[in-house]
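In my numbering, the protein residues as written are 390 to 718.
For each residue, glycine too, the CB sits at the ideal point set by N, CA and C.
If you're wondering where the values come from, they're calculated on a predicted model, not measured in any experiment.
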């Protein structure tokens with residue numbers, strides 16, 4: 390397989406695949422960085438504790454990666470997915486499969502990952518989405534991890550799951566693409582809100598309330614998209630939400646913590662030194678929710694904080710002063 394995207398998660402996936410015995414290519418666009426990885430046999434910038442297995446090769450030649458691989462696993466930031474697909478499209482073979490581990494909605498269009506893939510590649514290539522509660526470092530060093538591989542092509546979902554499954558890694562299959570994708574995108578927004586609340590020392594009760602009501606928002610949006618409730622209660626929904634909201638390995642949670650300290654969004658991103666998907670996802674999730682007539686007050690508050698319209702303290706006040714309602718609403 391070829392893993393496209395040499396950030397922390399892409400590297401961890403490539404390390405795991407190679408550790409499982411699959412000859413694996415890890416592609417990144419920076420020629421010098423990829424050569425340094427290949428020479429040092431480690432991604433020193435993102436995963437310095439995860440040595441490359443023998444069967445992992447780091448390269449910067451995208452055409453070689455695409456034409457050499459049986460299937461592709463894309464792990465670039467979601468806002469670069471369309472560009473990556475457009476570039477590699479001429480080199481794809483008929484029937485070559487594309488799995489995607491990106492989490493987020495496309496900026497401006499608000500399209501889900503599988504919709505972007507079909508926009509660019511059509512329906513001639515099997516596609517799958519990989520999502521779930523996964524911190525790259527833990528996957529990279531081989532700690533137990535579980536994900537969902539979603540595809541409407543049952544055979545392709547099983548094929549990707551078989552590649553991933555083993556050595557403490559569990560890969561479950563599903564056919565609910567919208568559910569898996571919206572869970573992976575919206576949970577980052579909720580993690581920023583939890584970070585804001587924890588950064589303001591609002592306590593464990595508040596954290597639990599935000600996670601629970603955040604899940605309710607995600608499930609309302611999922612329902613409007615035709616997602617299955619059981620998907621959003623599973624690994625790619627509740628599982629990923631709990632993980633991202635409760636551990637400081639989460640870049641989105643750390644974003645909220647830094648904003649609560651008074652940092653600006655650019656200052657926080659500079660300190661985190663990696664893409665924070667929730668920053669781009671929040672306005673897209675909110676725009677999608679409004680288009681579908683779905684009420685998402687936490688998402689609205691986070692979006693307003695990120696845009697500078699309100700402060701973290703004002704966001705908490707806005708949420709706390711909402712009128713009472715039935716929990717099921």
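When secondary structure is reduced to three states using DSSP, residue 591 falls in the coil class, being assigned neither helix nor strand.
By the Cβ rule, the stretch 610-625 does not count as touching the stretch 581-589, because fewer than three pairs are nearer than 8 Å. Within the same chain, 509 and 510 come within 7 Å of residue 478 by CB-CB distance, once the 5 residues on both sides are set aside. Comparing alpha carbon positions, the residue from 394, 611, 580 and 514 closest to residue 570 is 611.
For residue 670, the secondary structure class from DSSP, reduced to helix, strand or coil, is helix.
With fewer than 16 neighbouring CB atoms inside 10 Å of its own CB, residue 530 falls in the exposed class. Under a 10 Å Cβ-count criterion, residue 653 is classified as exposed, with fewer than 16 other Cβ atoms of the shown protein chains found around its own Cβ.
Judged by DSSP in its simplified three-state form, residue 455 adopts helix. Its chain contains 538, 560, 561 and 562 as the residues whose beta carbon lies nearer than 8 Å to that of residue 550, once the 5 sequence neighbours on both sides are disregarded; these appear in chain order. Beta-bridge pairing by DSSP links residue 559 to 535.
Sorting 684, 685 and 644 by C-alpha distance to the C-alpha of residue 668 places 644 at the top. Judged by DSSP secondary structure, residue 448 falls within the beta strand (DSSP E) whose first and last residues are 445-448.
Your pair residue 468 and residue 493 checks out as a contact, with CB atoms roughly 7 Å apart and the cut at 8 Å.
Residue nearest to residue 658 within the set 390, 705 and 641 is 641 (criterion: CA-CA distance).
Going by DSSP, residue 520 is part of the beta strand (DSSP E) stretching over 516-520. Taking a cut-off of 8 Å for Cβ pairs, the stretch 441-455 and the stretch 390-406 touch, as three or more such pairs fall below it. One Cα belongs to residue 665, the other to residue 575, and the distance between them is close to 13 Å. Rounded to the nearest angstrom, the gap between the Cα atoms of residue 489 and residue 434 is 23 Å. Excluding its 5 nearest sequence neighbours in each direction, residue 677 has C-beta neighbours in its own chain below 6 Å: 499, listed in chain order. In the displayed model, residue 488 falls within a strand according to three-state DSSP. In its chain, beyond the 5 residues on either side, 452, 455 and 456 have a beta carbon closer than 7 Å to the beta carbon of residue 480. Checking the DSSP bridge columns, you'll see residue 463 partnered with 393 and 489. Our two residues, residue 556 and residue 712, have alpha carbons roughly 49 Å apart in a direct line. Counting the other Cβ atoms within 10 Å of the Cβ of residue 604 gives 16 or more, which makes it buried. Annotation: residue 422 to residue 438 spans about 17 Å, alpha carbon to alpha carbon. At the C-beta level, residue 670 and residue 577 come within 8 Å of one another. Contact between residue 407 and residue 445 holds, since their C-beta atoms are separated by about 4 Å, short of 8 Å. For the set 683, 553 and 597, the Cα lying nearest the Cα of residue 608 is the one of 683.
Between the alpha carbons of residue 622 and residue 483 lies a gap of roughly 36 Å. Taking a contact as a CB-CB distance under 8 Å, the pair residue 636 and residue 573 does not count as one, their CB atoms being some 16 Å apart.
When the beta-carbon positions are compared, residue 582 and residue 448 stay at least 8 Å from each other. Of the candidates 633, 564 and 566, the residue whose Cα lies closest to the Cα of residue 597 is 633. Straight-line spacing of the CA atoms in residue 689 and residue 443 works out to 47 Å.
Residue 625 is a Cβ neighbour of residue 521, given a cutoff of 8 Å.
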